[in-house]
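Trainee: Just so you know, the working numbering puts the end of the sequence shown at 948, numbered straight through with nothing missing.
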Amino acid sequence: MLISHAHGDHWGNALDFGRAGIPVIGTAEIGGYAQQHGAAQAVGMNIGGTYRAEWGSVTLTPAWHSSSFPDGTYGGMPTGLVVEMGDKRLYHAGDTCLFSDMRLIGDRGLDAAILPIGDHFTMGPEEAARCLELLRPRVAIPMHYATFPP
Numbered sequence: 799m800l801i802s803h804a805h806g807d808h809w810g811n812a813l814d815f816g817r818a819g820i821p822v823i824g825t826a827e828i829g830g831y832a833q834q835h836g837a838a839q840a841v842g843m844n845i846g847g848t849y850r851a852e853w854g855s856v857t858l859t860p861a862w863h864s865s866s867f868p869d870g871t872y873g874g875m876p877t878g879l880v881v882e883m884g885d886k887r888l889y890h891a892g893d894t895c896l897f898s899d900m901r902l903i904g905d906r907g908l909d910a911a912i913l914p915i916g917d918h919f920t921m922g923p924e925e926a927a928r929c930l931e932l933l934r935p936r937v938a939i940p941m942h943y944a945t946f947p948p
């Protein structure tokens, strides 16, 4: 289970999966929190690090947002995730805003990019469109549209 940051809408019921033996993968703070709460297979890492498994790999990238668990515990830096499976590469932006280093992420060659477009708590559609100019994925998938009332 890949976690970009600790907010409740991304953290969800990760502990249920973690306690069932499914690895919970995220920042060192997310991995540590999950382990402290019974997810023995949790993996904590940091931005720039890559976790490799039989299914493929995930590399944590920077993201500009915030990150705290529903109980208020600090969740570490928010991240984006570059997931590689076979010859496919997906970028999940987490809840970030536009930042110029997205061009470097795009230089890896992306099959798909998942970007937030909700506005208010994340970037909106116009800013996400500018991200696509930097990322250059084959396919763009929006998320967080009208997720929260504001």
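For every residue, glycine included, the Cβ atom is placed at its ideal position computed from N, Cα and C.
#1: Considering only the alpha carbon of each residue, which of T825, G836, P935, G873 lies closest to L888?
#2: Give me, in chain order, the residues of the same chain whose beta-carbon lies closer than 7 Å to that of L813; leave out the 5 immediate sequence neighbours on both sides.
#3: Residue range of the alpha helix (DSSP H) that P940 falls in?
#4: Run the CB neighbour count on H890, radius 10 Å, all protein chains shown included, and call it buried at 16 or more, exposed below.
#5: Can you confirm whether N811, when its beta carbon is compared against all beta carbons of chain B, has any partner nearer than 9 Å?
#6: Give me the residue from G810, M799, A840 with the minimum Cα distance to D869.
#7: The beta strand (DSSP E) spanning G842 covers which residue range?
#8: Look up G878 in the DSSP assignment and say whether it is helix, strand or coil.
#9: Which of helix, strand or coil does DSSP assign to L908?
#10: Would you mind working out which of P821, G829, E925, D885 sits nearest T871, comparing C-alpha positions?
#11: Below 8 Å, can you find three or more Cβ-Cβ pairs linking the region 841 to 860 to the region 871 to 883?
#12: In terms of alpha-carbon separation, which member of P821, L932, H803 lies closest to E852?
#13: What are the boundary residues of the beta strand (DSSP E) that P947 is part of?
#14: According to DSSP, simplified to helix, strand and coil, what is I801?
Mentor: Quick answer:
#1: Closest option to L888, Cα to Cα, is P935.
#2: If we look at L813 and ignore the five residues flanking it on each side, its Cβ neighbours are A832, H835, G836, A837.
#3: First-last for P940: 937 to 941, but that is the beta strand (DSSP E), not the alpha helix (DSSP H).
#4: By the 10 Å Cβ count, H890 comes out buried.
#5: Protein chain content of the structure displayed is limited to a single chain, and chain B is not contained in it.
#6: Selected option, being the one with the closest Cα: G810.
#7: Going by DSSP, G842 is part of the beta strand (DSSP E) stretching over 841 to 843.
#8: Correct three-state label for G878: strand.
#9: Residue state for L908 is assigned as coil, using DSSP reduced to three classes.
#10: When C-alpha distances from T871 are compared across P821, G829, E925, D885, the shortest belongs to G829.
#11: Flag = yes, the region 841 to 860 and the region 871 to 883 touch.
#12: Per the Cα distances, P821.
#13: Per DSSP, P947 belongs to no beta strand (DSSP E) and is neither H nor E.
#14: Taken through DSSP and simplified to helix, strand or coil, I801 comes out as coil.
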